[in-house]
Structures are given as C-alpha cells and as structure tokens.
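J.: Okay, so the sequence shown: first residue is 10 according to the working numbering, each after it adds one. I am attaching a structure below and will ask some questions about it afterwards.
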Amino acid sequence: MNHYYNKMKIITRILITSFIAWSTFAEKLIADPFSNVNLRAGLISALQQHPLILDFYSENDYELIWFGNNALASQRRAELVNSLQSASFHGLPGKKYQVNSLLSKLSTSDSLFEIGLLEGLFMIAFTEYASDLDTGVLIPSEVDTDIVRQINFKDTDFYIQGLLSRNPYDYFRSLGPQSSEYARLLVEYQKLSEIIRNGGWSNIATDRILRFGDSGDDVVAIRNRLFDQGYMPNSISTKFDKKLLKAVQKYQSDHGLIPDGIIGAGTILELNITAEQRLSSIIVALERERWLGDTLGQRHIWVNLADFKAKIIEDHAVVFETRTVLGINDESMRSPEFSDKMEYMVVNPTWHIPVSIAKNEYLPELKKDPEALPFLKLFDSSGSLVDRESIDFSILGKNYFPYEMKQLPSTTNALGLVKFMFPNPYNIYLHDTPAKDLFMKEVRDFSHGCIRLHEPFDFAYALLEKQTDEPQSEFQNALKSQEETIILLSKSVPVHITYRTAFTKAGGGIEFRRDIYGRDQKIYDALVELGLELSENI
Numbered sequence: 010m011n012h013y014y015n016k017m018k019i020i021t022r023i024l025i026t027s028f029i030a031w032s033t034f035a036e037k038l039i040a041d042p043f044s045n046v047n048l049r050a051g052l053i054s055a056l057q058q059h060p061l062i063l064d065f066y067s068e069n070d071y072e073l074i075w076f077g078n079n080a081l082a083s084q085r086r087a088e089l090v091n092s093l094q095s096a097s098f099h100g101l102p103g104k105k106y107q108v109n110s111l112l113s114k115l116s117t118s119d120s121l122f123e124i125g126l127l128e129g130l131f132m133i134a135f136t137e138y139a140s141d142l143d144t145g146v147l148i149p150s151e152v153d154t155d156i157v158r159q160i161n162f163k164d165t166d167f168y169i170q171g172l173l174s175r176n177p178y179d180y181f182r183s184l185g186p187q188s189s190e191y192a193r194l195l196v197e198y199q200k201l202s203e204i205i206r207n208g209g210w211s212n213i214a215t216d217r218i219l220r221f222g223d224s225g226d227d228v229v230a231i232r233n234r235l236f237d238q239g240y241m242p243n244s245i246s247t248k249f250d251k252k253l254l255k256a257v258q259k260y261q262s263d264h265g266l267i268p269d270g271i272i273g274a275g276t277i278l279e280l281n282i283t284a285e286q287r288l289s290s291i292i293v294a295l296e297r298e299r300w301l302g303d304t305l306g307q308r309h310i311w312v313n314l315a316d317f318k319a320k321i322i323e324d325h326a327v328v329f330e331t332r333t334v335l336g337i338n339d340e341s342m343r344s345p346e347f348s349d350k351m352e353y354m355v356v357n358p359t360w361h362i363p364v365s366i367a368k369n370e371y372l373p374e375l376k377k378d379p380e381a382l383p384f385l386k387l388f389d390s391s392g393s394l395v396d397r398e399s400i401d402f403s404i405l406g407k408n409y410f411p412y413e414m415k416q417l418p419s420t421t422n423a424l425g426l427v428k429f430m431f432p433n434p435y436n437i438y439l440h441d442t443p444a445k446d447l448f449m450k451e452v453r454d455f456s457h458g459c460i461r462l463h464e465p466f467d468f469a470y471a472l473l474e475k476q477t478d479e480p481q482s483e484f485q486n487a488l489k490s491q492e493e494t495i496i497l498l499s500k501s502v503p504v505h506i507t508y509r510t511a512f513t514k515a516g517g518g519i520e521f522r523r524d525i526y527g528r529d530q531k532i533y534d535a536l537v538e539l540g541l542e543l544s545e546n547i
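Below is the structure:
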C-alpha cells in the first residue's frame, strides 16, 4: 500500500501546482468581456466528435462543470484526476484516458480558448472513465462471438447528471460494480501487485513426481512456494510431511486440480505460472464483473465454464453445487456465455437431435449401415415415424435430409432423465447424462455445447423446494411415469453461464482455473491494445 500512497502524494503535488496556475484564469473570466465567446469556441472545438456531450453544454448555456470559478469545480477536477491516475487499480487501461496530457495542458494553457478546450477534454475523459468502470471497457461479443452479454449501457448524460447531483468524492466512489466479488478481486489485485513489486515467485524445477514421504531440494522449493502463497507456515524441513501434503491438496483444489496430494507435471505447471500471469487473470475477472453488473438475482444459477461447476445461489450463499461437463474446445462446440431465465424442466426428455449432429455425425454411419445406431428414430416433416427400410440413405446428404432425428426417452438417452430449460437462441440447456464417468476427469469438455450435470436429480430437488413441500416426490412421480413430462417452475430463475478463471472465496482468498477456451487471453490482449500495462501499478 506504500506504493499507492506515494503515487497519491505525487498526484497531489501536481494538482496543487496546476490549480494555483488556474487561479489566474479565474481573473481573466471576470475581466475579459469576450470570455464566454472564447471559452465556448474552445469547448465546441474539443467536442466535435462527441455530439451528446456538446448537446448537454448547449442545453445548459455552456456552463463550466470542471472549470467554473468555484470550490465544487475544483473538487471535481481533483477527484477526476485522482481517479484517472488510479484507473490501473481497477485493471483499467490507464493510458486510454491520457491524464498526463490533461495535466500538461492544464499547467501550460494561457488562453480562455484553451480553458474551454480543457473543459471539453475533462468531460470526455470523465464520461469514458465512468462508463468503462461502470459497464466495462470492451464490448464482449467484439472480443469473442461466444461471449454474449446484454450490458446496460448508459448514455453520457446519465453520468453527467450523477456527477452534478452528488458530492464529487462520494460520486466517484459510487462508480463501478458494488458487488462483494468485485471488492474482493480488488483486494487480491493489490496483494498480487505487492508480490510482483517484491520480485514475484521463483520457478520450481524438478524432473520427478513428488509424493508423501519424499525429501530433497525440490521438496523445499515446493514448501517455500506454498509458504509464499499463504498455504502453509514457514519451515526448513526437507521432507514431504503431512503438513505439506495438506497444503498441496488445498493448493490443487484452489487451482482446479484433482486434490490427490501428488505433485506431478500438472501441479508443477500451475505452480510455475507467474504472479504477472495470475494478475492478468484478475484484471480480466474485473472486466467480466463489470460486464455482468448487479443483475444476478437474489436466487440464481451460476455456471462457471472454466470451473466445470454449476451452483444454485441464494442471498449470496451457495445452496447447491455440482460438477459439469461442457462443450468441446472446438470452434463449433464451445459452450457460449450468456444469461437467461430457467422456466421449466423436462423429465424423461426426448432428444431432438440438432441438424448439424444428425448430418455430420449420424448420417455417415447410417449411409454405411442403415441398421446402425438403433436408438435413433426418424420422423418426416409431418411428425410421423418413418420406417428405416423405406429410406434410401444413399441419396441423403448435407444438402438433402428431409427428416428429424430423435432419441426417445430412456435411461440411455443422451440427455439422461431430465433437462432444465431456459429457452435461448443458442439451444443451450442443462441436462443429465448416462456418461457419468466423465465427471471424474479433471478437464471436462466433452459435449456439443450443452451443460451436463453430475447430480441432476439433486439439482431438480433444490429448484423445486421453493414451490412444493415434497420436491423429491413430485420429481420421482414424473420420472416413474416413463413419459416425457414438463414441470414448470412457479418462478423463473436467472441463469448465468459465465467463464471465470479467477474468482474469490467469501471467507477470503482466490482460486484460479485454466483458460480452456482461450477467451481470457483474448480479453487481456484487447485491453492491452487499449493501453493496459501491468507496470502501471507495479
């Protein structure tokens, strides 16, 4: 934190110098009968590419917000410069706001035209900063088309009116997400920044798998690293003892590894990820939190693709959690990110096989052997079941396939015995699966895009307990019917399909996951293009 305070002292000195210089312009505003004309010309010049801001000024008789001759304008300037200089503490690309250029102009301007110009430049910097901190710097779908977020963008007038209606100090601190996750990420950001300033973490070199009972210099290196990262107390022991075993298992759990306590290549790979790389993950998590806003819902479903987990959350507490399988890491199968509302579940579902799967995967098999894949049923355009013997598969192809493929309800149905529906344009839903063995794997990207649940029945019970005293009985009765049955939710539940490689724990601390789809790297690279530099705050 000393680094932060030193930076604030420098900013304060710059502001004092600049604001003393500004006092001479206040005298000119009074003495110059053409001051309004000159100021207005400068303001209009600055805002030529910002018509909405210019409209605000024209509607308010070009009143100066940042350079009025009053204490409130001075407070606004001070808070804005302070915020822009501290933008990196939120993982924002500080260079984007050109604060050094603003300060330079402020200290060297010698005409009222230039003060009008500065008024406009300050307002541009303010509205950009406020919007970026509030709803994010980037447009998600422009970074990756599989990231679909309905962001509640506000126009510039929203932020200007907010600034005018409140004390500047309070207003600037109200900007940005107010979620506990965002606040905890900021804390972890500062911790990692301090670690990097102190030299970061050393690399661990070992050519063997380490287990309980082993000893050696590499065991010492592991022990030191886990001490540095807060997983165990300091020790000079060279032995892989019970304390180290417990710390390794905790570390593995916090990084999405199977917590077996064995230090193999996967654990070493995670341990050797640098503090700078971890910080970049937090920066991306902050941007993602800004995209999401404060619209989660008091009760909602949270699916973190990178964590391979689905959770039901009520009043900020996890009430149910289960493992997931997600879409294969392939351009056409990766699970998208979006939010919607779950409306109902289907017990004993029929699988309406997507056309792409029918044509690309199943049709080639049927062309080789019309009796293959006996679980598949084909229906014509009228919905009638078609006998396979009446079909000439040799003439069918990607451009001609007048049938719908279905898999009827059964214990071997690809959707399992229940699916959870939140109708959306991507045809994504949560569902059961007969392939339970896949949930034991560390990395679980095996589906065509939908999210498979390890414990779908318990998931259903947790959803239904809000609308019935006997959720298990209601679900089991539908299941025993062996017929496709829809159970409506009495109140829709928000569903958030997310992708977080860095996320905090309510009791303190942070967890990291692999960037399996490479999306976080795309986001980080896009922020760098806009001027993000890790060195800004290190």
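All residues carry an ideal CB built from backbone N, CA and C; glycine is no exception.
(1) Going by DSSP, name the residue or residues bridged to residue 353.
(2) Give me the residue from 402, 330, 299 with the minimum Cα distance to residue 189.
(3) Compute the Euclidean distance between the alpha carbons of residue 78 and residue 121, then round it to the nearest angstrom.
(4) Taking only the alpha-carbon atoms, compute the straight-line gap between residue 243 and residue 522 and give it to the nearest angstrom.
(5) Looking at the unbroken alpha helix (DSSP H) that takes in residue 300, where does it start and where does it end?
(6) Could you tell me which of 75, 182, 345, 174 sits nearest to residue 95, measuring between CA atoms?
(7) Answer yes or no: do residue 551 and residue 334 have a C-beta to C-beta separation smaller than 8 Å?
(8) So, for residue 385: in the same chain, excluding its five sequence neighbours on each side, which residues have a beta-carbon less than 7 Å away from its beta-carbon?
(9) Measure the CB-CB distance between residue 502 and residue 469 and report whether it falls below 8 Å.
(10) Between residue 528 and residue 487, what straight-line distance do the alpha-carbon atoms span, to the nearest angstrom?
(11) Spatial neighbours of residue 268 within its chain, please: C-beta separation below 6 Å, excluding the five flanking residues on both sides.
(12) In whole angstroms, what is the alpha-carbon distance linking residue 287 and residue 201?
(13) Among residues of its own chain, excluding the 5 on either side of residue 81, which ones have a beta-carbon nearer than 8 Å to its beta-carbon?
(14) Looking at the strands, I want to know which residues DSSP matches up with residue 312.
(15) Can you tell me whether residue 60 is buried or exposed? The criterion is at least 16 other CB atoms within 10 Å of its CB, across all chains shown.
(16) Would you check if the distance between the CB atom of residue 179 and the CB atom of residue 336 is smaller than 8 Å?
(17) Take the Cβ of residue 214 as the centre, count every other Cβ of all protein chains shown within 10 Å, and call the residue buried at 16 or more, exposed below.
(18) Restricting to runs no shorter than 4 residues, where is the alpha helix (DSSP H) found entirely within the segment 56 to 144?
(19) Nearest to residue 457 by CA position, among 516, 349, 424, is which residue?
(20) Among the residues of its own chain, which have a CB less than 8 Å from the CB of residue 447, if the five just before and after it don't count?
(21) Select from 482, 539, 76, 301 the residue whose C-alpha is nearest the C-alpha of residue 588.
(22) Leaving aside the five residues before and after residue 532 along the sequence, list all residues of the same chain whose C-beta is less than 7 Å from its C-beta, in chain order.
(23) Rounded to whole angstroms, what is the Cα-Cα separation between residue 326 and residue 433?
(24) If I'm right that residue 368 touches residue 407 with Cβ under 8 Å, what's the distance once you round it to whole angstroms?
T.: On the basis of the coordinates in this document:
(1) The partner list for residue 353 (beta bridge, DSSP) reads 430, 497.
(2) For residue 189, the closest of 402, 330, 299 by C-alpha to C-alpha distance is 299.
(3) For residue 78 and residue 121, the gap between their C-alpha atoms comes out near 13 Å.
(4) About 26 Å.
(5) Unbroken alpha helix (DSSP H) run through residue 300: 284 to 301.
(6) The closest CA to that of residue 95, considering only 75, 182, 345, 174, is found on 182.
(7) Because residue 551 is not part of the residues shown, which for the chain are 10 to 547, the question remains open.
(8) Excluding residues within five positions, the ones whose Cβ falls inside 7 Å are 371, 414, 416.
(9) Contact flag unset, no.
(10) In a straight line, the C-alpha of residue 528 is about 40 Å away from that of residue 487.
(11) Around residue 268, the same chain offers 258, 261, 262 as residues with beta carbons nearer than 6 Å, after the five sequence neighbours per side are excluded.
(12) Those two C-alpha atoms are separated by around 8 Å.
(13) If we look at residue 81 and ignore the five residues flanking it on each side, its Cβ neighbours are 177.
(14) For residue 312, which the question treats as bridged, DSSP gives the partners 319, 506.
(15) Counting other Cβ atoms within 10 Å of its Cβ, residue 60 stays below 16 and is therefore classed as exposed.
(16) No, Cβ-Cβ distance for residue 179 and residue 336 is not below 8 Å.
(17) For residue 214, the number of other beta carbons within 10 angstroms of its own is below 16, and it is reported as exposed.
(18) If we require 4 residues or more, the alpha helix (DSSP H) runs fully inside the segment 56 to 144 come out as 60 to 68, 80 to 94, 108 to 117, 121 to 144.
(19) Considering only alpha carbons, the answer is 424.
(20) Result list for residue 447: 334, 453, 455, 461, in chain order.
(21) Any answer about residue 588 is impossible in this case: the structure gives the chain only from 10 up to 547.
(22) Contacts found: 147, 152, 293, 296.
(23) Going from the Cα of residue 326 to the Cα of residue 433 covers about 27 Å.
(24) About 5 Å separates the beta carbons of residue 368 and residue 407, which is inside the 8 Å limit, making them a contact pair.
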